[in-house]
Amino acid sequence: MKTLNASAFGYAGAVISVACMLLLGILGILGLYTGAVAMMKGWHMFFSLSVAGIVGGMVEAAIIGFVIFYLFALVYNMFVTKNKN
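To convert, count from 1 in the sequence shown and add 26; that's the working numbering.
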């Protein structure tokens, strides 16, 4: 079985996280998905419905997304190489 490139997987997770945060910010400004926006405000310390808040939320989402996906790839690779031996 092939291993995952942890860095690439982390960057992919960061890009998807940023895109989701941007989409949620835009929809929140339009008055849609207000419940989800309220939850994001509670979960992310830098997210709000201003330009600076959306950008801050995107930066926070990129960092968190990269770390989570990078760690996921590392653990996956650990199991793949362990089963190989």
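The C-beta atom is built at its ideal place from N, Cα and C for all residues, glycine as well.
For clarity, every value in this text was computed on a predicted model and none was experimentally measured.
| Check | Outcome |
| --- | --- |
| Taking only the alpha-carbon atoms, compute the straight-line gap between residue 31 and residue 82 and give it to the nearest angstrom. | 27 Å |
| Compute the Euclidean distance between the alpha carbons of residue 34 and residue 109, then round it to the nearest angstrom. | 23 Å |
| For residue 103, which residues from the same chain have a beta carbon less than 8 Å from its beta carbon, with the 5 sequence-adjacent residues on both sides left out? | 29, 30 and 32 |
| Once the 5 residues before and after residue 53 are set aside, which same chain residues still bring their CB inside 6 Å of it? | 59 |
| From which residue to which residue does the alpha helix (DSSP H) around residue 56 run? | No alpha helix (DSSP H) holds residue 56; DSSP gives it neither H nor E. |
| Relative to the ligand ADP, is the shortest distance from any of its heavy atoms to the C-beta of residue 49 smaller than 6 Å? | Among the components modelled here there is no ligand, and therefore nothing to report on the ligand ADP. |
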